[in-house]
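Number of protein chains: 2
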Amino acid sequence: MSTLKSFIEVSADSHFPIQNLPYGVFKPSENESSRIGVAIGNLVCDLSALVDLKLFESSSLKDTKVFHQGYLNDFMSLGKQVWSETRKELQKLLSSENPTIRDNQQYKEKIFYQIDKVIMLLPARIGDYTDFYASKEHATNVGIMFRGKENALMPNWLHLPVGYHGRSSSVVVSGTKLRRPCGQTKGDDDAAPTFNQCKLLDFELEMGALVGVPNNLGEPVPISQAKDHIFGLVLLNDWSARDIQKWEYVPLGPFLAKNFGTTISPWVVTMEALQPFAVDAPHQDPTPLPYLQESGKNTFDIELTVGIKTEKMSEAHTICKSNLKYMYWTLSQQLAHHTISGCNLNPGDLLGTGTISGPTEDSFGSMLELSWKGSKTISLGESGETRKFIQDNDTVVMSGVCKGKDYQIGFGNCVGQIIPAHKY
Amino acid sequence: MSTLKSFIEVSADSHFPIQNLPYGVFKPSENESSRIGVAIGNLVCDLSALVDLKLFESSSLKDTKVFHQGYLNDFMSLGKQVWSETRKELQKLLSSENPTIRDNQQYKEKIFYQIDKVIMLLPARIGDYTDFYASKEHATNVGIMFRGKENALMPNWLHLPVGYHGRSSSVVVSGTKLRRPCGQTKGDDDAAPTFNQCKLLDFELEMGALVGVPNNLGEPVPISQAKDHIFGLVLLNDWSARDIQKWEYVPLGPFLAKNFGTTISPWVVTMEALQPFAVDAPHQDPTPLPYLQESGKNTFDIELTVGIKTEKMSEAHTICKSNLKYMYWTLSQQLAHHTISGCNLNPGDLLGTGTISGPTEDSFGSMLELSWKGSKTISLGESGETRKFIQDNDTVVMSGVCKGKDYQIGFGNCVGQIIPAHKY
């Protein structure tokens, strides 16, 4: 079988071939309305225009209003069958063999936009944001730094995907600048805390799952059905103020250290597009309790990178190469665990994986780990610059891609720049 | 000056005299639309009907659509001046001296509903729910139980209002039944965790502040302005699964132990109605950092009670009498602290105070404290029943009231019943 191709030209290194078709919310220009599109090559295909032009055939899409919204929630709530149907129809309409749009210039003008000209918005109205702590390497690294090698993993860590509730109001789309936070910090030798700018500002390399299908309060999702509730994935930068976190987090967890901003990539890559890249998750020992047991290939081979670009640099320098497949607890285990209490998830809820660190020193997913708590200097390559934590005006660029034989399925970039703190 | 009175009859022990006028969202019947009303005596006054009948005079209310919504968010976002104007107009329209509605039977039929006949809904679309830990007595009690008297308060506790992010999707309105959660628990002597129904189910007596006026991301709210961002207060029961919490909560805080449900009362009592009951907050030593310093009367004398009603009882038996005024960190300190990182708050965001315990044993705001970790038995009075934690089919009833010379400002009840767990 030959590889599916689109009449839209897609370069070999593009993240967005016809096999991907990630969903995003965009405005063609500041004064136009928000709507839903899919990325293909260097273009955005406006799905609301496809509806207006009556190009969808299936009954669930023909007259739909879900693509005229400024958020994916309504579409995501329709479930796996509709997601799959939409993908099929889009691949058919965009196929090199289908003349309907290919040979109709008027259609093309109404449907396609240059991807670098549109304004990308948050892909969903995020009701609740949950963050997990699911990478064994990350939890171990942080544990060693703060509690020593013997007590690195907490007793519960190998038994359940540790998670906590995050702040949804401050989740922002890639490209949004974030202000360095201020807050209370206290050095080990200080008698009392002081009010300061955060001095140990960090990124955390994560991915985020967007919930599509909801569950009712009091009705846990069995792990066998957990996958059907996830619409797709984004890249996620869980910005962290390490010095604020250290002082505030006992006993109830991180609060202000995390809630000044969380950046996600604008394009949601669907679970269906990722399926060819499914791989086995790490072996789990001890065997988890039955409600967390699953079989088959439950994670994905997604190559992740983080780069830093300072004001003096023209391009980001890569400082971390990791992979989703290193993560110990899978996305379906996270979702099943999240609901086992009866907690209800809604369309648009965001589940962060937690920092995804790999086994080698260059695969650690945070400055805290890469600089080993500030004890090492991280080189930013030819620029000659170095970092231990994030400085003002630094830009952090995350990227993710699945590399196939004939095409790649990519996430594009997740970009965030830190601007100076308020002056007091 | 004589006390303001309404032409609506209000008994002396009513929580809802014309001086209160708390806001709520209701439906007259299952098939009618949601709208906004205020409670007065045993009636609900439909504010959308007042608009439709053109009874509001001020320009900001005359043609407003905010009262035709199924949530208070839009009204709450309008800010203090409009809140105050609305209160004045309502007190005028409902006054015993104003014949406009008093003497118009047709108006009355369109405007008023029996309070026990309508369906009350959640008062707001809650974007984010934050829970604080602001009672010194509660934090001390829990600290003594888990860490001993010497280390009861964590080092940060006297310096900042400890808070964490909660789950907004499972915040439910009073009257909603909640299922006992299941999850992982591990006894101190067990080799591994097991999957169980929660055996140590608890309530937490709290109040919740609803944010009215938002702040932008990156723009902290100075403490001098914090009060203007809070629309009003509700009662809040932060249900807690103590055995699940104990195993899961290190190092990132409570998760499934709290996210199976949080109950709030349906009537939002405005800060303006509470103002006559403002009192000094407890003395703070050490003096907090400048961003948390305030002067004046910054808390309220609100008498709080918790009762339990078992299946065998016809009325709840009071097991706790506390007061908001015991709380160490004030609502404005909580809000100022929450935003000091730059975190944005939106209309409808809910800030829980944390368990409000008082100085005496009968004023502790949770079963954990009242039964001192299950070491004491709590009597449920004449029924002859006793409890250490909450049993299946028990109903927890919270109530709150400010007692004035001529009237009371009350919150009504916050009621929740626990139904049996899922069978596995």
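Top line first, the protein sequences correspond to chains E and Z.
Under the numbering used here, the first residue of the first sequence carries the number 799, and numbering increases by one thereafter.
Under the numbering used here, the first residue of the second sequence carries the number 799, and numbering increases by one thereafter.
Glycine included, each C-beta is placed from N, C-alpha and C at the ideal position.
The structure displayed is predicted, hence computed values, not measured ones.
| said: List, in chain order, every chain Z residue whose beta-carbon is nearer than 7 Å to that of Q867 (chain E). | reply: Those within 7 Å of Q867 (chain E) in chain Z number zero; the least Cβ separation is about 17 Å.
| Does the Cβ of N949 (chain E) have 16 or more other Cβ atoms within 10 Å, making it buried, or fewer, making it exposed? | exposed
| Boundaries of the beta strand (DSSP E) in which Q912 (chain Z) is found, first to last residue | F910 to Q912
| task | Taking G981 (chain Z) and S1139 (chain E) to be in contact with their CB atoms under 8 Å, please state how far apart those CB atoms are, rounded to whole angstroms. | result | 6 Å
| request: Return no unless some Cβ of chain E is closer than 7 Å to the Cβ of D986 (chain Z). | output: no
| message | Does Q1091 (chain Z) pass the burial test, meaning 16 or more other C-beta atoms within 10 Å, or should it be called exposed? | response | The residue in question, Q1091 (chain Z), is exposed, as its Cβ has fewer than 16 Cβ neighbours within 10 Å.
| Do N1057 (chain E) and S1177 (chain E) come within 7 Å of each other at the CB atom, strictly closer than that value? | no
| query | Counting only runs that start and end within the region 943 to 1024 of chain E, where is the beta strand (DSSP E) found for 3 or more residues in a row? | reply | 961 to 963, 969 to 971, 980 to 983, 992 to 995 and 1003 to 1009
| said: Strictly by DSSP, which residues pair up with S1177 (chain E)? | reply: For S1177 (chain E), the pairing in a beta bridge is given by DSSP as E:T1184.
| Minimum Cβ-Cβ distance from R965 (chain E) to chain Z less than 7 Å | Contacts with chain Z at 7 Å (Cβ-Cβ) include R965 (chain E).
| query | In the region 1044 to 1063 of chain E, which residues sit with their C-beta less than 9 Å from some C-beta in chain Z, listed in chain order? | reply | W1045, E1046, Y1047, V1048, P1049, L1050, G1051, P1052, F1053, L1054, A1055, K1056, N1057, F1058 and G1059
| Residue range of the unbroken beta strand (DSSP E) whose run includes A810 (chain Z) | Per DSSP, A810 (chain Z) belongs to no beta strand (DSSP E) and is neither H nor E.
| request: Any chance you could list the beta strand (DSSP E) runs of at least 3 consecutive residues sitting entirely within the region 1017 to 1102 of chain E, in chain order? | output: 1028 to 1035 and 1060 to 1062
| Can S894 (chain Z) and K803 (chain Z) be called in contact, C-beta distance under 7 Å? | yes
| How long is the line joining the alpha carbons of N1014 (chain Z) and E1070 (chain Z), rounded to whole angstroms? | Rounded to the nearest angstrom, the gap between the Cα atoms of N1014 (chain Z) and E1070 (chain Z) is 25 Å.
| field | Strand pairing of F824 (chain Z), partner residues [DSSP] | value | Z:R833 and Z:M918
| request: Tell me whether D926 (chain E) is buried or exposed, calling it buried when 16 or more other Cβ atoms sit within 10 Å of its Cβ. | output: buried
| field | Amino acids of chain E, ordered along the chain, whose beta-carbon sits closer than 7 Å to that of G1140 (chain Z) | value | R977, P979 and F1058
| query | Is T1116 (chain E) helix, strand or coil by DSSP? | reply | Reduced to three states, the DSSP call for T1116 (chain E) is strand.
| field | Under the three-state DSSP convention, the category Q904 (chain E) falls into | value | helix
| task | Count the CB pairs spanning the region 1092 to 1105 of chain E and the region 1195 to 1204 of chain E that are closer than 8 Å, and state whether there are at least three. | result | Contact holds: three or more Cβ-Cβ distances are below 8 Å.
| field | Interface partners of N1144 (chain E) on chain Z, CB under 8 Å | value | Chain Z residues near N1144 (chain E): S967.
| message | Measuring alpha carbon to alpha carbon, tell me which residue in E:L976, E:P1145 and E:Q1132 is nearest S1022 (chain E). | response | E:Q1132
| said: Does any residue of chain E have a CB that is nearer than 7 Å to the CB of H936 (chain Z)? | reply: no
| request: Measure the C-alpha to C-alpha separation of L845 (chain E) and S966 (chain E) and round it to an integer number of angstroms. | output: 27 Å
| task | Sort Z:V808, Z:P921, Z:V1195 and Z:V864 by Cα distance to V1066 (chain Z) and report the nearest one. | result | Z:P921
| request: Report yes or no: do three or more beta-carbon pairs, one from the region 805 to 822 of chain Z and one from the region 832 to 841 of chain Z, lie closer than 8 Å? | output: Flag = yes, the region 805 to 822 of chain Z and the region 832 to 841 of chain Z touch.
| task | Determine the burial state of R977 (chain E): buried for a count of at least 16 other Cβ atoms within 10 Å of its Cβ, exposed for fewer. | result | Within a 10 Å sphere around the beta-carbon of R977 (chain E) sit 16 or more other beta-carbons, which makes this residue buried.
| Identified DSSP bridge partners for V864 (chain Z) | Note: V864 (chain Z) sits in no beta bridge, so no partner.
| query | Comparing the C-beta of H1115 (chain E) with each C-beta of chain Z, is any distance below 7 Å? | reply | So, not an interface residue.
| Since N982 (chain Z) meets chain E, which of its residues come closer than 7 Å, beta carbon to beta carbon? | The sequence given here has Gln at residue 982 (chain Z), not Asn. Those within 7 Å of Q982 (chain Z) in chain E are H957, L958 and L1087.
| message | Based on DSSP bridge pairs, tell me the residues matched to C1141 (chain E). | response | Partner(s): none; C1141 (chain E) has no beta bridge.
| task | Note down, in chain order, every chain A residue with its Cβ under 7 Å from the Cβ of A922 (chain Z). | result | The structure shown contains no chain A; its protein chains are E and Z.
| Hey, would you say A1039 (chain E) sits closer than 7 Å to L1003 (chain E), going by beta carbons? | no
| request: Report the rounded CA-to-CA distance for L1034 (chain E) versus G1006 (chain E), giving the unit in angstroms. | output: Straight-line Cα distance between these residues: approximately 6 Å.
| query | Counting only beta-carbon atoms, is Y821 (chain Z) nearer than 7 Å to chain E? | reply | no
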